[in-house]
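Residue numbers (this note's numbering), protein chains in the order written: chain A, 1 to 294; chain B, 295 to 682; chain C, 683 to 981.
Just so you know, even glycine gets a beta-carbon here, dropped at the ideal spot from N, CA and C.
Okay, structure first, notes after.
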Amino acid sequence: MEAIFDFFSNPYYIQILTITGVYLIAALGLNLITGITGQFSFGHAAFMSIGAYTSSLLTLYLHTPFFLNLLLGGIIAALFGVLLGFPSLRLTGDYLGITTLGFGEIVRVVFINTKITGGAFGLAGIPRETNIILVYLIVVLTIISLYLIKNSRFGRGLVAIREDEIAAEAMGINTLFYKVEAFAVGSFFAGISGALYAHLIQYISPGDFGFSRSFEILNFVVIGGLGSIPGTVVGTAILALAPEFLRFVQEYRMLIYGALMVLMMTFRPRGLLGGVDLFQVWRNFRHKGLREKI
Amino acid sequence: MKRKWYLFLLVALMSAALVVSGCGSNEKTTAGDTIKIGFLGGKTGNHAHYGIETLKGMQMAVEDINNAGGLLGKKVEIVEGDHGSNSSEAASVTQKLITQKVAAVIGDPTTGITKLAAPICQSNKVVLMSAGAVGTGVVELGDYIFRDCLLDAVAAPVVTKYLAEDLKWKKVALVTTTGLPYSESLTSIFKPALDKYGIEIVTEQNIMEKDNNFSAQVTALAQKQFDGVIFTGYYNEGALFMKEMRKQGLQQVMAGGDGLLGKELYEIGEEAVEGSMVYTGFAVDTNNAVEKTKDFIEKYQAKNNNAQPDMFSAQGYDAVMLIADAIKAAESADPTVYREKLVQTKDWKGVTGTISFDANREPIKSPVYLLEVKDKQFAVKTVIPVTD
Amino acid sequence: MEYLWNLGQLIAQQTVNGITLGATYALIALGYTMVYGIIQLINFAHGEVYMIGAFVGLIMITTYEVNFFVALLVAALVCAPLAMLIERVAYRPLRGSMRLAPLISALGVSIFLQTLMTLIQGPNPQGFPKVITDTVYLLGPIKFSLVQVIILVIAALLMVILNLIVKYTRTGKAMRATSQDYDTARLMGINVNRTISFTFALGAALAGAGGVLVGMYYGSVHPFMGVTVGLKCFCAAVLGGIGSIPGAMLGGIFLGVAEVLGVAIGLGTYRDAIAFALLILVLLFRPTGLLGRPIQRKV
């Protein structure tokens with residue numbers, strides 16, 4: 001009991017749990033685009049940066065309330081998501097992936113060259129508004145809304161697009177509208193995540209949101225299991241905390257991290273929880289228990 | 295079979311969490327016996343070079359302190375926080391160092407990471423001493439934020455004075471790398487200084503970073519009369535620019551900041567950069583060095599296969615010593631107490647020279663080393679004391 | 683009039699510089715395109731192979747003091763088995779699983795190799811010794827340095843050799859067959875595993891040589907040099923139409939020239955974005971790149 005109290009009174013653990021939660025929100029957003037709808041997006045960090053810069057600039061220059069800025073960060077990111085959703089009409093698979101990657105790099109370079117965002121030096125002195133309770137509240141809200149989306153008519157349409165786009169279209173699904181909407185919602189969550197990030201770390205620069213961050217988030221989703229919401233949670237938890245756990249190996253840390261990625265993929269190519277329905281597992285478990293009683 | 299996997303995973307995660315929380319509680323019990331100093335920097339990742347050198351200097355300082363009997367009767371210990379050159383990790387690492395009750399966080403020479411760590415240190419009232427963040431807007435982030443490096447705002451004017459009075463430069467060409475914040479801000483420091491010491495800027499040329507063809511700019515230079523070039527960019531472009539000048543028959547030399555400092559300058563520039571001048575806050579100058587500096591250089595070389603210490607290791611050494619002396623003066627390792635002494639630091643003598651903090655906590659460092667490229671080596675041309 | 687002449691001269695000179703840069707891009711892009719063509723995999727570890735090639739070249743020249751061309755050859759010979767090993771460990775077990783799995787595995791390999799090289803060689807950039815003298819040739823008003831000439835000649839030579847291998851050898855034929863139809867090729871008795879290994883080796887040899895050439899051109903190498911270049915070269919491959927060998931060459935040169943000219947007209951700070959902006963534009967109008975085959979959508 002005391003150990004648990006110690007844990008939650010240690011600001012370092014709070015910090016890494018909070019940052020993990022922030023990444024989790026972005027990863028859940030990406031899971032909607034890539035996992036559920038099957039559209040490759042290699043530029044997710046760009047939406048984070050849009051959310052982060054939007055909310056920080058609003059806070060620093062217009063002094064509008066934090067919750068409004070948070071929401072606007074998400075909305076502006078969603079608008080760019082719509083913009084990026086349109087090419088997905090013409091481009092598929094890896095070509096879409098590389099386009100989104102390019103978009104991410106262009107956003108980064110634009111931020112480097114913009115005066116108001118502080119250029120390459122970034123923005124400092126952003127007030128700290130994010131705390132662990134707020135982050136996990138939003139995580140829960142995100143998970144609930146993703147479940148609602150996944151199990152709605154809209155969500156089934158998205159899965160249909162992932163499985164067979166042409167068949168889905170033949171069934172009367174407006175694939176363009178559905179895909180653009182998936183991009184918008186996914187980017188919205190990334191924007192929220194970015195805004196939370198900015199108000200947690202209190203300093204942002206374009207380099208924080210390069211393609212390596214995009215791939216980091218993609219890692220969370222793929223290693224957790226594409227399309228699986230619990231999978232994303234588990235994947236993010238493991239991979240975001242791994243560098244901290246691996247701290248004892250010092251400079252060999254990233255060596256092991258890289259090897260771990262390869263191993264995880266080769267042993268579970270569909271991701272840790274890919275293709276596993278947790279409800280089914282739970283039901284089996286209960287049935288087994290009942291049978292043993294009888 | 296499948297379920298076992300998750301079970302295993304869960305157990306692994308739990309035990310990992312336990313191990314980590316175990317570590318946390320262990321550290322608490324030892325807190326009273328030593329004075330801990332946190333190192334924040336990248337030992338891995340793309341800024342690792344700066345981090346590793348800073349840490350080397352810090353370790354040497356701690357060794358010296360402990361050999362001389364420690365600090366306030368306690369041993370000094372470095373707690374390493376490697377952020378892997380990754381900004382979000384840097385925030386966690388800073389937080390971790392503070393949790394481990396460090397007396398000060400010393401480190402990251404990069405301006406970005408320093409700015410990121412600053413609010414965390416400030417809100418926890420822990421002194422952050424950056425050993426190299428030269429960018430603008432660093433110490434403004436809070437009154438617990440310090441740095442011990444040579445600032446361009448200090449160095450550029452004294453170098454300009456030297457160019458005007460000793461080398462009799464009257465007219466210069468000023469070359470800026472546009473879009474490079476370092477270069478643009480250095481240019482804005484040089485301009486008023488040149489004006490003050492009566493040097494006329496006959497032409498201003500702009501180049502781009504990573505560009506490798508400067509024929510147009512040099513052609514423009516060739517039509518003017520001038521004594522030298524003030525170059526505010528990095529060594530790569532500097533070397534290629536000088537090469538182009540020699541190609542077009544111009545024989546003037548250039549002078550610039552430590553952005554030009556790197557062996558690539560003469561490796562790329564070869565004969566064209568001979569005579570070019572670069573200023574820096576630390577140089578291995580065994581002929582003129584004071585005892586302290588000589589000692590540092592020898593110890594460093596003994597430990598590192600005769601390699602020469604650079605600016606980062608020297609600044610790391612000085613950062614630890616500055617903090618240690620403030621702790622000694624305040625007789626307390628509590629940042630809220632010794633900070634008062636640290637602010638008052640005046641004419642403090644370290645291995646990189648003399649440091650004083652001005653009213654805004656900005657370091658005024660003396661001397662400035664002016665290096666010159668000679669036979670494909672940097673040689674100390676002159677050492678200029680900073681007077682005001 | 684003189685202004686126009688100067689402008690023309692500037693553009694011509696920059697185009698030459700751009701083609702040199704583009705030729706090195708093309709060498710690396712070929713590796714991406716061949717691997718993609720045969721197993722539809724974006725081999726993100728390819729940039730790291732290129733980085734290792736550059737380091738091998740550097741070590742050969744500084745430690746063993748060999749001739750530049752020998753170093754080039756050794757780098758290619760070291761990189762080829764390395765890539766085969768990567769394929770065997772990280773990609774082959776994932777063949778047939780979902781598309782993103784080998785991609786993540788490739789990223790893992792890439793992080794692993796970067797860290798490994800940092801541990802072995804240290805993180806700071808290392809100067810590449812000047813092995814070629816700075817002779818400048820004049821062709822009319824346009825200057826060619828000896829380094830540029832060597833890069834262009836070697837790149838062209840390597841590409842010709844590659845074309846000969848792919849067109850006229852049995853293995854080359856097997857490569858083309860496998861890339862057209864993996865299953866049918868197997869039924870025809872082609873050892874697809876060996877063919878795929880060979881493709882990786884061939885691409886890696888080119889990248890290794892490319893690494894040494896770039897190291898020499900820019901004068902420095904470091905463990906993270908493969909990241910941006912790898913990404914840009916992948917762009918070049920997609921730009922030309924991924925899977926197409928002439929496409930990768932065209933894409934590389936096109937990108938190199940566009941970048942250098944972009945810098946010349948004052949977009950220097952946007953340099954890294956030029957490649958991607960160009961790519962997106964081309965893809966929007968030709969979704970499979972300049973020379974790519976249209977994707978067959980089966981119903």
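Nearest to residue i (by Cα), restricted to the options the options
i	options	result
Phe-606(B)	His-377(B), Asp-442(B) and Ala-412(B)	Asp-442(B)
Gly-172(A)	Thr-92(A), His-44(A) and Ile-161(A)	Ile-161(A)
Gly-492(B)	Gln-519(B), Ser-477(B), Lys-464(B) and Ile-483(B)	Lys-464(B)
Ile-98(A)	Val-939(C), Phe-936(C), Leu-913(C) and Phe-750(C)	Leu-913(C)
Ile-359(B)	Lys-597(B), Asp-612(B) and Arg-540(B)	Asp-612(B)
Lys-337(B)	Glu-538(B), Gly-367(B), Ser-379(B) and Ile-372(B)	Ser-379(B)
Phe-906(C)	Phe-826(C), Tyr-819(C), Asn-806(C) and Thr-860(C)	Asn-806(C)
Ile-112(A)	Arg-953(C), Leu-798(C) and Ile-786(C)	Arg-953(C)
Gly-822(C)	Ile-768(C), Val-831(C), Gln-691(C) and Leu-966(C)	Gln-691(C)
Tyr-61(A)	Leu-32(A), Ala-27(A) and Gly-118(A)	Gly-118(A)
Phe-121(A)	Leu-158(A), Gln-202(A), Ile-144(A) and Gly-207(A)	Gly-207(A)
Thr-676(B)	Ser-650(B), Asp-589(B), Val-584(B) and Asp-579(B)	Asp-579(B)
Ala-838(C)	Val-813(C), Ala-705(C) and Leu-686(C)	Ala-705(C)
Glu-609(B)	Gly-401(B), Ile-329(B), Ala-384(B) and Leu-366(B)	Reading the sequence as shown, one finds Gln at residue 609(B) and not Glu. The candidate whose alpha carbon is nearest that of Gln-609(B) is Gly-401(B).
Phe-525(B)	Leu-422(B), Lys-597(B), Thr-454(B) and Ala-618(B)	Thr-454(B)
Val-909(C)	Leu-754(C), Asn-699(C), Ala-788(C) and Ile-872(C)	Ala-788(C)
Ala-566(B)	Val-421(B), Asn-500(B), Pro-603(B) and Val-547(B)	Val-547(B)
Val-523(B)	Glu-656(B), Met-571(B), Ile-407(B) and Val-399(B)	Met-571(B)
Residue i classed as buried or exposed, judged by whether at least 16 other C-beta atoms fall within 10 angstroms
i	result
His-377(B)	buried
Ile-962(C)	buried
His-63(A)	exposed
Tyr-850(C)	exposed
Leu-869(C)	exposed
Leu-137(A)	exposed
Ile-947(C)	exposed
Lys-490(B)	exposed
Ser-902(C)	buried
Gln-389(B)	buried
Phe-882(C)	buried
Pro-679(B)	exposed
Leu-966(C)	exposed
Beta-carbon proximity list for residue i, same chain, < 8 Å, skipping 5 on both sides
i	result
Gly-318(B)	Note that Gly-318(B) scores a pLDDT of 42, beneath 50, so its modelled location is shaky; the value from the coordinates is reported in the next line. Excluding residues within five positions, the ones whose Cβ falls inside 8 Å are Thr-393.
Leu-435(B)	Lys-409, Ala-412, Pro-413 and Gln-416
Leu-844(C)	Leu-712, Leu-884, Leu-888 and Ile-927
C-beta contact flag for residue i and residue j at 7 Å
i	j	result
Phe-188(A)	Gly-85(A)	no
Ala-240(A)	Val-82(A)	no
Gly-893(C)	Tyr-732(C)	yes
Gly-332(B)	Gly-375(B)	yes
Gly-102(A)	Phe-958(C)	yes
Val-512(B)	Gln-542(B)	yes
Gly-644(B)	Pro-661(B)	no
Ser-879(C)	Met-716(C)	no
Ala-577(B)	Leu-457(B)	no
Thr-481(B)	Asn-500(B)	no
Spatial neighbours of residue i in its chain, beta-carbon cut-off 7 Å, leaving aside the 5 residues before and after
i	result
Pro-811(C)	Ile-743 and Thr-744
Thr-20(A)	Thr-236, Ala-237, Ala-240 and Leu-241
Thr-37(A)	Leu-158, Ile-161, Arg-162, Lys-179 and Ala-182
Gly-429(B)	Thr-405
Own chain partners of residue i with C-beta closer than 6 Å, once the 5 adjacent residues on each side are dropped
i	result
Ala-325(B)	Reliability fails at Ala-325(B), whose pLDDT of 48 lies under 50, so the model's placement of it is uncertain and the value that follows must be treated cautiously. Excluding residues within five positions, the ones whose Cβ falls inside 6 Å are Lys-395.
Thr-587(B)	Val-645
Gly-944(C)	Ile-956
Leu-176(A)	Leu-89
Ala-450(B)	Ile-483, Phe-484 and Ala-487
Distance cut-off 6 Å: residue i Cβ against heavy atoms of the ligand GTP
i	result
Ile-824(C)	As presented, the structure is devoid of all ligands, the ligand GTP included, so that no description of it is given.
Mind listing, in chain order, the continuous alpha helix (DSSP H) runs of no fewer than 4 residues lying wholly within the segment 502-578 of chain B?
-> 509-516, 529-541 and 558-563
Mind listing, in chain order, the continuous alpha helix (DSSP H) runs of no fewer than 4 residues lying wholly within the segment 117-201 of chain A?
-> 132-150, 153-163, 165-170 and 175-201
For the segment 861-918 of chain C, list the alpha helix (DSSP H) runs that are entirely contained and at least 4 residues long, ordered along the chain.
-> 864-869 and 874-900
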